[in-house]
Amino acid sequence: MIFTPFTVVVLFFVSAVTYVLLDHYFGFGTDTPFISGLPAVSGYPLVGNLFQLGDSHPFTYMKWAKKYGPVYQVRLGTKRVVVANSFASVKHLWLDNSQSLISRPMFYTFHKLVSSTQGFTIGTSPWSESCKKKRRAAVDALKKPKVQSYMPIVDLESYIFMKKLSEVSRSSDQEVDVSPYFLSYSLNTSLTLNYGTRLDEIDNELMKEIVDVELAIGKFRSTMHNYQDYLPILRMFSTDKNKDADSMKSRRDKYLAFFLDKLKNDIKEKRDIPCIAGNVLKDPEAKINEAELKSICLTMVSAGFDTVPTNLLSGVGHLSQDYGQKIQEKAFAEIMKVYPDNDAWDKCLVEQKVDYVSALVKETVRYASVLPLCLPRKTVQPINLDGVTIPAGTIMFMNALAANFDEERYPDPFKFEPKRYLDPDRPRGVDHLGFGAGSRMCAGANLANRELYTAYVRLISAFKILPPINKSDLMVSDINKVFACPESQVVFPEQFKVKLEPRDNELLDRWLEDTSERLQI
Ligand code: HEM
Numbered sequence: 001m002i003f004t005p006f007t008v009v010v011l012f013f014v015s016a017v018t019y020v021l022l023d024h025y026f027g028f029g030t031d032t033p034f035i036s037g038l039p040a041v042s043g044y045p046l047v048g049n050l051f052q053l054g055d056s057h058p059f060t061y062m063k064w065a066k067k068y069g070p071v072y073q074v075r076l077g078t079k080r081v082v083v084a085n086s087f088a089s090v091k092h093l094w095l096d097n098s099q100s101l102i103s104r105p106m107f108y109t110f111h112k113l114v115s116s117t118q119g120f121t122i123g124t125s126p127w128s129e130s131c132k133k134k135r136r137a138a139v140d141a142l143k144k145p146k147v148q149s150y151m152p153i154v155d156l157e158s159y160i161f162m163k164k165l166s167e168v169s170r171s172s173d174q175e176v177d178v179s180p181y182f183l184s185y186s187l188n189t190s191l192t193l194n195y196g197t198r199l200d201e202i203d204n205e206l207m208k209e210i211v212d213v214e215l216a217i218g219k220f221r222s223t224m225h226n227y228q229d230y231l232p233i234l235r236m237f238s239t240d241k242n243k244d245a246d247s248m249k250s251r252r253d254k255y256l257a258f259f260l261d262k263l264k265n266d267i268k269e270k271r272d273i274p275c276i277a278g279n280v281l282k283d284p285e286a287k288i289n290e291a292e293l294k295s296i297c298l299t300m301v302s303a304g305f306d307t308v309p310t311n312l313l314s315g316v317g318h319l320s321q322d323y324g325q326k327i328q329e330k331a332f333a334e335i336m337k338v339y340p341d342n343d344a345w346d347k348c349l350v351e352q353k354v355d356y357v358s359a360l361v362k363e364t365v366r367y368a369s370v371l372p373l374c375l376p377r378k379t380v381q382p383i384n385l386d387g388v389t390i391p392a393g394t395i396m397f398m399n400a401l402a403a404n405f406d407e408e409r410y411p412d413p414f415k416f417e418p419k420r421y422l423d424p425d426r427p428r429g430v431d432h433l434g435f436g437a438g439s440r441m442c443a444g445a446n447l448a449n450r451e452l453y454t455a456y457v458r459l460i461s462a463f464k465i466l467p468p469i470n471k472s473d474l475m476v477s478d479i480n481k482v483f484a485c486p487e488s489q490v491v492f493p494e495q496f497k498v499k500l501e502p503r504d505n506e507l508l509d510r511w512l513e514d515t516s517e518r519l520q521i
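Structure follows, in structure tokens:
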């Protein structure tokens, strides 16, 4: 048969239209096919909804939920994703179908470029026998009674930031950006817990290196702005990103090797102190191999590194606002009610008796929603959602930001209000989705809660946290601005300052001196 130029053009045109229609309606070209019966956000051929997400993906998903309902599907290049946006839908999918959502998807930038040497963190590992072992080891090391045994570490690290802040509070302007102090609080807690080692000074070069690298890796880990994860063709062009990922990987390899080698040496010289990696190395029957140990170490360094300080930072930022003064005074009054003899400083290490401060911790984690899209999941078996079958192998995004601000669950959700957790009529069950939910929920939630509670009790007992002199230095608390451009998986408030006024200098000095004597530092 001979084709005339006209037939060729017509054939080309017809095939292009057929391809686009197939692609559009049947998800031709996506890893998971179109899910019949589940609302789908209308998008473009091939790229789907990828370039409609704007700067803030969680906000855009939230907006789409108003049109398409709480659960819908989107197409992001070659990937199809189901997004859940309400508290009830997350509860149904993540808790009622917990075992079906037990895996994690893999992404090119993070899994292929950044993680090729140290392996994946637990939170980014697809479900497997090895992942099960690593998760078990982390869960065992981080369960409540174990966490109690780590409180001497939290005591030391919170003493150190309180000592520095006490100096600031006696300076002429009493103002401070608290973020470096909170970063070192969390990082040193994790390092001691895992390797039995800590870094001495807040301006330590190695600490700066870890902070720089981990923050950069946080961006590569993001499921949001790494478009090459969704459009393989871009991998050919995004050379700068590839180079950056490679360089961060090598820089991270260096300090992780340094900490592990130091620990091995300390064990050999018999001067090690008990820690998670040491327990594995010294156990002749340990079922964890070298690669799994590296992955656990990586998790311990990175999991709490940005999440704990970001929450604390955002909480202190709220307390420094006008509305925060009332919350702070209520917290202080409740601390004094439970501990009239001024021993809250020590007692917060062994018990959590000030309900209002516990409520403040919960409200902080809900409101900060530091992982607004949680960590992605992948289904391992089909799920029935009101008659619609979500097949095995589907990527699931929990829009934790949307669910944490769902007014069906949290009346007046945009108000920072710890009291909501003390209302006897509030719905029971999960407090918030800041730690995720279900089978792969945060393994470090107990430790994180204790770190936040201790920090709050000590800070609020010692200082009045006041707004900075300059209004422009106040934390931006409007979540529309905080989440405006979350390139990273973990969102940070913009840099801000607070003013610290000591409540009682003598008492603060006494707490610091007693702690220094007790810890022999
Ligand atoms: C306030 C601080 C923290 C927040 C807000 C937070 C939040 C989260 C979230 C949202 C997830 C994903 C959960 C899911 O998919 O349902 C997660 C996973 C995880 N977190 Fe945390 N986290 C915090 C602190 C920590 C700390 C201090 C550690 C350990 C030292 C830790 C260890 C882990 C681990 C091991 C996972 C992976 C669980 C898995 O995939 O099986 N986290 N975290």
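Residue numbers for the sequence shown follow the UniProt record's numbering, so the first one is 1 and each next one is one higher. Beta carbons are placed, not taken as given, at the ideal position from N, Cα and C, and that holds for glycine.
According to the DSSP assignment, Phe496 belongs to no alpha helix (DSSP H), since it is labelled neither H nor E.
Taking the C-beta atoms as reference points, Arg135 is found nearer than 8 Å to Ala443.
The alpha-carbon separation between Thr454 and Asp406 amounts to approximately 29 Å. No heavy atom of the ligand HEM is found nearer than 7 Å to the CB of Val154.
When beta bridges are read from the DSSP output, Gly48 appears opposite Tyr44 and Leu76.
Relative to the ligand HEM, the beta carbon of Asn399 is positioned no closer than 7 Å to any heavy atom. Taken in chain order, the complete beta strand (DSSP E) segments of 3 residues or longer contained in the segment 56-107 are 71-76 and 79-84. Fewer than three beta-carbon pairs drawn from the segment 244-256 and the segment 167-180 are found closer than 8 Å, and the two stretches are therefore not classed as touching. Judged by DSSP secondary structure, Val301 falls within the alpha helix (DSSP H) whose first and last residues are Glu290 to Ala303. In this structure, Ala138 has its CB closer than 7 Å to one or more heavy atoms of the ligand HEM.
Inter-segment contact for the segment 186-205 and the segment 268-280 is present: three or more beta-carbon pairs are separated by less than 8 Å. Cβ contact annotation for Leu206 (same chain, cutoff 7 Å, sequence separation greater than five): Leu199 and Tyr255, in chain order. Under the DSSP definition of a beta bridge, Lys378 partners with Ser103 and Ile395. Of the candidates Lys163, Phe492 and Met441, the residue whose Cα lies closest to the Cα of His432 is Met441. Per DSSP, the unbroken beta strand (DSSP E) holding Val388 starts and ends at Val388 to Ile390. By the 16-neighbour rule on beta-carbons within 10 angstroms, Thr18 is exposed. For the pair of segments examined, the segment 480-495 was found to touch the segment 308-321: the number of CB pairs separated by less than 8 Å reaches three. Taking the Cβ atoms as the reference, Phe305 lies roughly 5 Å from Glu214, within the contact range of under 8 Å. In its chain, beyond the 5 residues on either side, Asn97, Ser100 and Ile390 have a beta carbon closer than 6 Å to the beta carbon of Ile383.
Taking a cut-off of 8 Å for Cβ pairs, the segment 224-243 and the segment 101-111 touch, as three or more such pairs fall below it.
One thing to note: Val316 has its Cβ within 8 Å of the Cβ of Val178.
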